[in-house]
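J.: Respectively, the protein sequence lines represent chains A and B. Once you know that position 133 of the first sequence is 133 in the working numbering, the rest is easy, because the numbers rise by one and skip nothing. Position in the second sequence (from 1) plus 257 gives the number in the working numbering. Supplied in structure tokens, the structure appears directly below.
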Amino acid sequence: MSSLVVKGLSKYFGGVKAVNNVDFEVQKGELLALIGPNGAGKSTCFNMLNGQLAADAGSIKLFDEEIIGLQPRQVWRKGVGRTFQIAATFTSMSVIENVQMAIISYHKRLLSMLPFAGSLYKEEAYELLELVSMEDQANRPCGMLAYGDVKRLELAIALANDPKILLMDEPAAGMAPNERIALMQLTADIVKDKGISVLFTEHDMDVVFSHANRVMVLNRGEVIALGLPSEIRENEEVQSIYLGTGAVYDEELVGNA
Amino acid sequence: MDFLFIQFLNGLSSASSLFLVASGLSIIFGVTHITNFAHGAFYMLGAYVAYTLTEAWMGAIGFWGGIIVAAGTVALFGALIEIILLRRIYRSPELFQLLATFGITLIIEDLVIQVWGAEDLLGRRAPGLDGAIDIFGQAFPTYELVLIALGPICLCALWLLFNRTRWGVLVRAATQDRMMVSALGVNQAWLFTGVFTLGVFLAALGGAVQIPRDAVHNAMDLQIIVEAFVIVVIGGFGNVLGAFLASFIIAELNSFGILLFPKISMILMFIVMALVLVVRPYGLLGKAETHARTALGNVVRPLAPLTRKAKNWVLAALLVFLILPIFADDFVLNVGSEILIFALFAASLHLMMGVGGMVSFGHAAYFGLGAYGVALLVKFLNMPMEAAIVIAPLLAIAGAIIFGWFCVRLSGVYLAMLTLAFAQISWSIIFQWDDVTGGDNGLLGIWPSEWASNQQAFYYMTLVIVIAALYAIRRIIFSPFGYTLRGCRDSLLRADAIGIDRLRIQWFGFVLAGSFSGLAGVLYAYLKGSVFPDYISIPLSVDGLVMVLLGGIQTVAGPIIGAGVFKALSTIIISHTEFWKIILGAFIVILVVAFPQGIVGFFLERFGSKEEDIAEEKQ
Ligand SMILES: Nc1ncnc2c1ncn2[C@@H]1O[C@H](COP(=O)(O)OP(=O)(O)OP(=O)(O)O)[C@@H](O)[C@H]1O
Ligand SMILES: [Mg+2]
Numbered sequence: 001m002s003s004l005v006v007k008g009l010s011k012y013f014g015g016v017k018a019v020n021n022v023d024f025e026v027q028k029g030e031l032l033a034l035i036g037p038n039g040a041g042k043s044t045c046f047n048m049l050n051g052q053l054a055a056d057a058g059s060i061k062l063f064d065e066e067i068i069g070l071q072p073r074q075v076w077r078k079g080v081g082r083t084f085q086i087a088a089t090f091t092s093m094s095v096i097e098n099v100q101m102a103i104i105s106y107h108k109r110l111l112s113m114l115p116f117a118g119s120l121y122k123e124e125a126y127e128l129l130e131l132v133s134m135e136d137q138a139n140r141p142c143g144m145l146a147y148g149d150v151k152r153l154e155l156a157i158a159l160a161n162d163p164k165i166l167l168m169d170e171p172a173a174g175m176a177p178n179e180r181i182a183l184m185q186l187t188a189d190i191v192k193d194k195g196i197s198v199l200f201t202e203h204d205m206d207v208v209f210s211h212a213n214r215v216m217v218l219n220r221g222e223v224i225a226l227g228l229p230s231e232i233r234e235n236e237e238v239q240s241i242y243l244g245t246g247a248v249y250d251e252e253l254v255g256n257a
Numbered sequence: 258m259d260f261l262f263i264q265f266l267n268g269l270s271s272a273s274s275l276f277l278v279a280s281g282l283s284i285i286f287g288v289t290h291i292t293n294f295a296h297g298a299f300y301m302l303g304a305y306v307a308y309t310l311t312e313a314w315m316g317a318i319g320f321w322g323g324i325i326v327a328a329g330t331v332a333l334f335g336a337l338i339e340i341i342l343l344r345r346i347y348r349s350p351e352l353f354q355l356l357a358t359f360g361i362t363l364i365i366e367d368l369v370i371q372v373w374g375a376e377d378l379l380g381r382r383a384p385g386l387d388g389a390i391d392i393f394g395q396a397f398p399t400y401e402l403v404l405i406a407l408g409p410i411c412l413c414a415l416w417l418l419f420n421r422t423r424w425g426v427l428v429r430a431a432t433q434d435r436m437m438v439s440a441l442g443v444n445q446a447w448l449f450t451g452v453f454t455l456g457v458f459l460a461a462l463g464g465a466v467q468i469p470r471d472a473v474h475n476a477m478d479l480q481i482i483v484e485a486f487v488i489v490v491i492g493g494f495g496n497v498l499g500a501f502l503a504s505f506i507i508a509e510l511n512s513f514g515i516l517l518f519p520k521i522s523m524i525l526m527f528i529v530m531a532l533v534l535v536v537r538p539y540g541l542l543g544k545a546e547t548h549a550r551t552a553l554g555n556v557v558r559p560l561a562p563l564t565r566k567a568k569n570w571v572l573a574a575l576l577v578f579l580i581l582p583i584f585a586d587d588f589v590l591n592v593g594s595e596i597l598i599f600a601l602f603a604a605s606l607h608l609m610m611g612v613g614g615m616v617s618f619g620h621a622a623y624f625g626l627g628a629y630g631v632a633l634l635v636k637f638l639n640m641p642m643e644a645a646i647v648i649a650p651l652l653a654i655a656g657a658i659i660f661g662w663f664c665v666r667l668s669g670v671y672l673a674m675l676t677l678a679f680a681q682i683s684w685s686i687i688f689q690w691d692d693v694t695g696g697d698n699g700l701l702g703i704w705p706s707e708w709a710s711n712q713q714a715f716y717y718m719t720l721v722i723v724i725a726a727l728y729a730i731r732r733i734i735f736s737p738f739g740y741t742l743r744g745c746r747d748s749l750l751r752a753d754a755i756g757i758d759r760l761r762i763q764w765f766g767f768v769l770a771g772s773f774s775g776l777a778g779v780l781y782a783y784l785k786g787s788v789f790p791d792y793i794s795i796p797l798s799v800d801g802l803v804m805v806l807l808g809g810i811q812t813v814a815g816p817i818i819g820a821g822v823f824k825a826l827s828t829i830i831i832s833h834t835e836f837w838k839i840i841l842g843a844f845i846v847i848l849v850v851a852f853p854q855g856i857v858g859f860f861l862e863r864f865g866s867k868e869e870d871i872a873e874e875k876q
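Right under this line is the structure:
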């Protein structure tokens with residue numbers, strides 16, 4: 001069964017076809033990797049999926065329900081969580097408060113003015129932090145975290161509304177290699193445990209090929225290959241795009257979110 | 258028909274001066290990203306200096322030479338200010354820059370009075386151009402024709418400067434990408450100085466050419482700066498052609514508006530601005546800012562609940578306020594009530610800008626609406642105090658609901674300008690609608706009920722209401738709603754991604770802040786027994802900003818302490834000197850440059866616990 005069915009998704013910036021007629025499905029419970037060189041259109045895809053960017057054409061169905069045209073907050077309420085290529089958190093709050101905010105929002109208590117926000121859903125938030133091994137830093141100001149930790153915090157936040165599908169744009173960017181593997185392993189465990197689906201992008205091919213169930217390759221806005229990791233690894237067109245430019249394992253590149 | 262054409266020409270000639278001022282403002286903003294509040298003061302200074310020079314020098318050469326020399330002198334003065342002051346604050350948050358330049362405005366206003374006196378001055382007519390020509394049988398002053406030509410001439414000159422000279426091309430490059438220009442090996446500091454000088458020259462020229470038309474007076478600055486802001490916002494910040502278009506629109510609007518709607522002519526331009534902003538949030542020809550900045554900079558220190566030590570301090574302060582009437586006389590109690598009222602005003606502004614990230618340059622609007630709410634209820638319905646205190650804030654709330662709906666759609670300096678515009682709308686309605694509001698004379702005879710009529714009883718009533726309101730504000734800040742509001746300030750992207758409806762939250766926050774401000778205004782009306790248009794004016798809005806910054810934006814207690822210190826100081830200083838504006842202006846400038854973290858921030862940094870400890874204490 002598919003959680004997400006995308007058909008003919010397109011976005012043009014002036015003359016640039018950032019995303020051009022893209023079709024794919026995300027199966028329930030799978031980890032689908034979206035790879036491609038810088039500027040391939042991965043983030044643009046993500047931004048359309050969660051409603052942050054209006055698509056120029058196409059359809060996005062979440063469990064058979066059309067979600068194109070919805071605001072990001074509406075898409076989120078339907079069970080789509082997301083992390084950003086350049087992490088976005090509430091920097092004036094502590095780590096645990098960031099997670100609490102997401103839970104408060106999930107329970108639709110954003111407008112309430114009587115309780116203290118700091119004492120609401122503290123246990124639930126703490127559990128989520130434990131899940132991403134951030135419980136030690138629960139009370140640190142979020143603005144003071146190391147970059148890799150912010151990424152893990154984002155994952156905890158994204159899990160706060162019991163999502164059915166997670167969109168993770170370069171979740172491991174800025175992390176050390178062993179941290180990356182750990183984070184993806186963690187994600188894979190969560191996926192298995194909770195039965196959610198994940199669509200993620202990642203520049204480190206080792207991480208991609210060892211964790212993804214399937215891999216989709218985007219180049220200049222078009223899907224050029226979609227299949228099992230072993231198939232993609234052998235695909236000549238993919239190899240020429242990557243090996244030809246030598247850009248494959250470039251970990252330094254953190255593009256626009 | 259002929260009459261309409263003359264009116265059209267009148268509009269054109271005002272447009273030129275407006276364009277000179279607005280284009281200068283726009284150019285400065287485009288390159289340095291400073292929103293120069295002092296621009297109106299430079300305009301005024303241009304007019305005064307030109308007055309002196311043209312009185313002293315004879316003939317046509319003397320007249321035009323005087324005007325040019327006046328503009329040049331003021332431009333040099335502007336350059337000096339840029340070098341001494343602005344260079345220190347280019348990296349500061351927008352709000353600080355706005356405030357610092359407002360401080361300069363205050364200083365110049367007072368200096369002008371010291372040098373030229375408080376009387377209006379009538380300038381000399383331009384030699385050879387003091388006649389009139391016949392247009393469709395109507396006499397039209399020749400000088401106005403010169404002014405009409407001046408606008409397009411300056412537009413062409415600016416175009417040539419920016420497109421045909423190396424310096425101009427560099428300035429344009431800097432408008433697009435400041436990093437690139439420094440990469441080209443250009444001395445950025447002097448480029449900024451040059452641009453600022455040019456902008457000030459244009460403003461001063463705009464003021465100088467006015468002298469044969471209008472009297473020179475010491476309130477010209479605020480009048481023109483508000484119009485110039487409106488024009489720049491309509492045209493798009495940093496866009497000279499936009500400023501030209503908008504000057505034309507506003508000048509014609511003023512010219513015909515006064516015929517069609519004499520009572521509300523002043524509001525028209527604000528209505529046009531609000532409409533333009535809703536359709537095109539960056540003005541007619543403006544583009545979205547590439548590097549959107551937060552008006553207050555990033556806040557890293559989380560708000561923490563009170564520590565035990567802090568709680569003791571609060572209790573001690575409360576105790577002092579409680580027993581104050583035992584040993585204080587009526588004057589002190591009166592000042593005490595005023596301090597309490599302004600503490601509420603400052604706290605409500607802090608809720609909006611510190612917590613909500615929406616910097617308001619027009620927070621006095623809600624204060625004034627609350628005060629006038631009382632005055633009208635008393636005047637027309639003879640309503641008793643107990644009822645009026647509850648009902649009058651509704652006027653402020655209504656204002657905040659309407660104004661807030663527009664404001665939350667913008668951010669940063671555009672939002673600040675729009676709040677300023679709405680405050681001016683409210684001010685002009687009150688100022689122009691004499692029959693109901695008493696206009697300039699205000700409304701008198703607003704007395705508290707019998708039981709609260711002595712100073713002591715009124716003080717206690719104020720104390721109870723203000724403490725309750727401050728407690729409510731504090732609770733709101735730490736409630737889920739307050740956190741949500743803060744979240745929208747920290748990261749819109751994240752807020753959106755966890756299901757927060759930003760517009761609704763900020764709108765609601767805006768209205769809450771407005772209603773507390775309105776409550777403060779209500780109390781103030783009863784304290785003073787009268788209301789005046791001052792209660793809604795720009796200076797009062799700025800006082801509020803100064804109180805918040807003085808105390809420190811990063812804590813809940815800061816603004817309250819800031820209000821107390823500010824009011825106490827101003828009461829003392831005003832009674833000892835007539836240079837109040839110079840002192841206040843210098844005070845603001847020093848505050849912004851040297852103590853941007855405010856009193857409470859300063860003490861926390863010095864003696865307080867580090868971030869880590871605060872976090873620990875929260876557990
Ligand atoms: N707001 C925008 N306006 C104009 N062009 C844009 C915009 N956003 C993205 N683009 C362009 O669209 C293309 C796709 O960009 P996108 O950020 O989606 O790539 P990406 O695959 O995420 O790259 P990276 O690996 O660097 O993150 C690029 O050519 C980019 O320059
Ligand atoms: Mg990307």
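Even glycine gets a Cβ: it sits at the ideal position worked out from N, Cα and C.
Can you check which of these residues, B:279, B:319, B:343 and B:316, is closest to residue 291 of chain B by C-alpha distance?
T.: B:343
J.: At a threshold of 8 angstroms, does residue 201 of chain A count as lining ligand 2 (C-beta to nearest heavy atom)?
T.: yes
J.: Consult DSSP for residue 27 of chain A and reduce its assignment to one of helix, strand or coil.
T.: strand
J.: Could you tell me which uninterrupted alpha helix (DSSP H) segments, each at least 4 residues in length, are contained entirely in the segment 85–109 of chain A, listed from first to last along the chain?
T.: 95–106
J.: I'd like the span of the alpha helix (DSSP H) that includes residue 264 of chain B, first residue to last.
T.: 259–289
J.: At a CB-CB cut-off below 9 angstroms, which residues of chain A make contact with residue 741 of chain B?
T.: 101, 104, 105, 110, 111 and 117
J.: Any chance the CB of residue 37 of chain A is under 8 angstroms from a heavy atom of ligand 1?
T.: yes
J.: Count the other CB atoms, across all protein chains shown, that sit within 10 Å of the CB of residue 539 of chain B; report buried if there are 16 or more and exposed otherwise.
T.: Label assigned to residue 539 of chain B: buried.
J.: When you compare only the Cα positions, how much space is there between residue 816 of chain B and residue 611 of chain B?
T.: 10 angstroms
J.: So within the segment 137–172 of chain A, which uninterrupted alpha helix (DSSP H) runs reach at least 4 residues, ignoring any that extend past its ends?
T.: 147–158
J.: From the DSSP output, in three-state form, read off residue 227 of chain A for me.
T.: strand
J.: In angstroms, rounded to a whole number, what distance separates the CA positions of residue 151 of chain A and residue 83 of chain A?
T.: Across the structure, residue 151 of chain A and residue 83 of chain A are spaced so that their CA atoms are roughly 8 angstroms apart.
J.: Using alpha carbons as the reference points, say which of A:231, A:217 and A:162 lies closest to residue 241 of chain A.
T.: A:217
J.: Between the alpha carbons of residue 134 of chain A and residue 72 of chain A, how many angstroms are there, rounded?
T.: Their Cα atoms are separated by approximately 26 angstroms.
J.: Which chain A residues are close to residue 748 of chain B, counting only those with a beta carbon under 8 angstroms from its beta carbon?
T.: 88, 89, 90 and 91
J.: Determine, for residue 237 of chain B, whether the minimum Cβ-Cβ distance to residues of chain A falls below 9 angstroms.
T.: The question about residue 237 of chain B has no answer here: the residues shown for chain B are numbered 258 through 876.
J.: Just to make sure I have the definition right: I need the residues of chain A whose C-beta is within less than 9 angstroms of the C-beta of residue 726 of chain B. Which are they?
T.: Ordered by position in chain A, no residue passes the 9 angstroms Cβ test against residue 726 of chain B, which lies about 14 angstroms from the chain.
J.: When DSSP labels each residue in this structure, what does residue 398 of chain B get in the three-state scheme?
T.: Strand at residue 398 of chain B.
J.: Would you call the CB atoms of residue 97 of chain A and residue 148 of chain A closer than 9 angstroms?
T.: For residue 97 of chain A and residue 148 of chain A, no; Cβs fall outside 9 angstroms.
J.: Starting from the beta carbon of residue 120 of chain A, find every residue of chain B whose beta carbon is closer than 9 angstroms, and list them in chain order.
T.: 737
J.: What are the start and end residues of the beta strand (DSSP E) that includes residue 389 of chain B?
T.: 389–392
J.: I want to check one thing, is the minimum distance from the CB of residue 218 of chain A to the heavy atoms of ligand 1 below 8 angstroms?
T.: yes
J.: Taking all protein chains shown into account, do 16 or more other C-beta atoms lie within 10 angstroms of the C-beta of residue 206 of chain A, making it buried, or fewer, making it exposed?
T.: Exposed, by the Cβ-count rule.
J.: Can you check which of these residues, A:164, A:235, A:155 and A:88, is closest to residue 749 of chain B by C-alpha distance?
T.: A:88
J.: Counting pairs of beta carbons, one from the segment 212–228 of chain A and one from the segment 167–177 of chain A, are three or more of them closer than 8 angstroms?
T.: Contact fails: fewer than three Cβ-Cβ distances are below 8 angstroms.
J.: Below 6 angstroms CB to CB, which residues in the same chain sit around residue 784 of chain B once its five sequence neighbours on both sides are set aside?
T.: 594
J.: Could one say the Cβ of residue 72 of chain A lies closer than 9 angstroms to chain B's Cβ atoms, at least one of them?
T.: yes
J.: Below 8 angstroms on the Cβ atoms is my guess for residue 621 of chain B versus residue 792 of chain B; work out the distance and round it to an integer in Å.
T.: Rounded to whole angstroms, the Cβ separation of residue 621 of chain B and residue 792 of chain B is 7 angstroms, and the two are in contact under 8 angstroms.
J.: Interface residues of chain B around residue 157 of chain A at Cβ under 7 angstroms?
T.: 755
J.: Find the residues of chain A that neighbour residue 732 of chain B, judging by a C-beta separation of less than 9 angstroms, and give them in chain order.
T.: 113, 114 and 116
J.: Could you tell me the distance, in whole angstroms, from the CA atom of residue 935 of chain B to the CA atom of residue 664 of chain B?
T.: The structure shown has nothing for residue 935 of chain B, since chain B only spans 258 to 876.
J.: Considering only the alpha carbon of each residue, which of B:569, B:261, B:739 and B:645 lies closest to residue 92 of chain A?
T.: B:739
J.: I'd like to know if residue 758 of chain B contacts chain A, where contact means its C-beta is closer than 9 angstroms to some C-beta of that chain.
T.: Any Cβ of chain A closer than 9 angstroms to the Cβ of residue 758 of chain B would place that residue at the interface, and such an atom is present.
J.: In the DSSP assignment, what are the bridge partners of residue 60 of chain A?
T.: When DSSP reads this structure, residue 60 of chain A sits in a beta bridge with A:6.
J.: Near residue 820 of chain B, which residues of its chain fall below 6 angstroms by C-beta distance, leaving aside the five closest residues on each side in sequence?
T.: 599, 600, 603 and 804
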